[in-house]
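There are 2 protein chains.
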Amino acid sequence: MATYSVQQVANKTGLTTYTVRYYHDHGLLPFVQRDKNNNRVFSDSDIEWLEMITCLRSTGMPIDQIKNYTDLVVEGENTVPERYQIMLNQQKRTVNEIKELQQHLATIKYKVDHYAEIMENHEPDSFEPSNIRDKENLKTEAK
Amino acid sequence: MATYSVQQVANKTGLTTYTVRYYHDHGLLPFVQRDKNNNRVFSDSDIEWLEMITCLRSTGMPIDQIKNYTDLVVEGENTVPERYQIMLNQQKRTVNEIKELQQHLATIKYKVDHYAEIMENHEPDSFEPSNIRDKENLKTEAK
DNA sequence: CCTGAAGTTATAGTAACTCGAAAGTTGCTT
DNA sequence: AAGCAACTTTCGAGTTACTATAACTTCAGG
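Chains F and H are the protein sequences, given in the same order.
Quick note on numbering: this note's numbering labels position 90 of the first sequence as 90, and the sequence is numbered without any gaps.
Add 1000 to a position in the second sequence, counting from 1, and you land on the number used in this note's numbering.
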């Protein structure tokens, strides 16, 4: 069975050694072992679990809730219904987050096009200083 | 011309008064006025600009970069090319973020289905305690 | 005039990292 | 054998973006 050091885990997961230790210190990796020098020893399933943590973290779940979920997993199958609810919740949250991001993306795209247009119309060296409290300025910018 | 207090702005934007003040203190709202009691006075274009800030913030731009972008907008039209690059960059970032979230969502959906299946197969009261260091446990969970 | 609601500043607390220092083990290398 | 590089450890401090609290001012209504 393969084992890994923090650095190796960091390389495999894309996390930093700091973050991996942070997660371990906060109980998110309950099965990590220690060798005779007190160094952390990770297994393949620890790495897989770290990927699950990354998934939850990236979709906005706070550390203490991931900790709670981890505890439920360790506790066994009788916690499946609770875990099901947690995941369902996380699914909803993520769907919403994606929708929001798509709307923001539309706003950004509009801006990009807007700037592109300005740069097309103005000749390369014909930009003029604009009035600092010009309504155009912030209003056009914000819209 | 309509003006607004912090609280009104908070209501209109969905931000908290704390956050609005925080943004103002950090130079993200360069045109906010003060009345004789030193209270902040916001205009409609300030609110629109706050919505732009929210867009950038939600798509991951840090405060100091938003500050920088704000300064460019205030500076005038000669900064349009730089602003264009910033927005293009932000667009790319957001597209990637959405892609990542969609992948994580797939993982979460898989989990939801997995749990649903377990709950279907097991009768309501037939959950058994599982071995705490069961390979099944973390491995199945992580996958 | 008093109370209450809103505003102000300054300061402290929080989450999730992020980093640096000091110290301990290894394994090589001169 | 000594030393040095490359790891690891813990601990404590720093960072970002809020979030909350304390202490104060100001004003409108009863």
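Note that the Cβ used here is the ideal one computed from N, Cα and C, for glycine as well.
Against chain H, the CB of Lys-111 of chain F has a partner CB under 7 Å away; the residue lies at that interface. When the beta-carbon positions are compared, Thr-3 of chain F and Ala-10 of chain F stay at least 7 Å from each other. When DSSP states are grouped into helix, strand and coil, Ser-58 of chain F belongs to the helix group.
Here the region 1054-1070 of chain H lies against the region 1022-1031 of chain H, with 3 or more beta-carbon pairs under 8 Å apart. Remark: C-beta atoms of Gln-91 of chain F and Ile-1108 of chain H approach each other more closely than 7 Å.
At least one beta carbon of chain F lies nearer than 7 Å to the beta carbon of Ile-1108 of chain H. Its chain contains Tyr-4, Val-9, Lys-12 and Thr-13 as the residues whose beta carbon lies nearer than 8 Å to that of Ile-47 of chain F, once the 5 sequence neighbours on both sides are disregarded; these appear in chain order.
Each of F:Leu-72, F:Met-87, F:Met-52 and F:Val-112 was checked against the Cα of Met-1087 of chain H, and the nearest Cα belongs to F:Val-112. When F:Met-61, F:Ile-53, F:Glu-117 and F:Glu-77 are compared, the shortest CA-CA separation from Pro-1081 of chain H is found for F:Glu-117.
By the Cβ neighbour-count rule, Arg-34 of chain F is exposed, with fewer than 16 other Cβ atoms within 10 Å of its own. Along the region 63-83 of chain F, the positions whose C-beta sits under 8 Å from a C-beta of chain H are Val-73, Val-74, Gly-76, Glu-77, Asn-78, Val-80, Pro-81 and Arg-83, read in chain order. Membership of Val-1095 of chain H in the alpha helix (DSSP H) is indicated by the continuous run 1080-1121.
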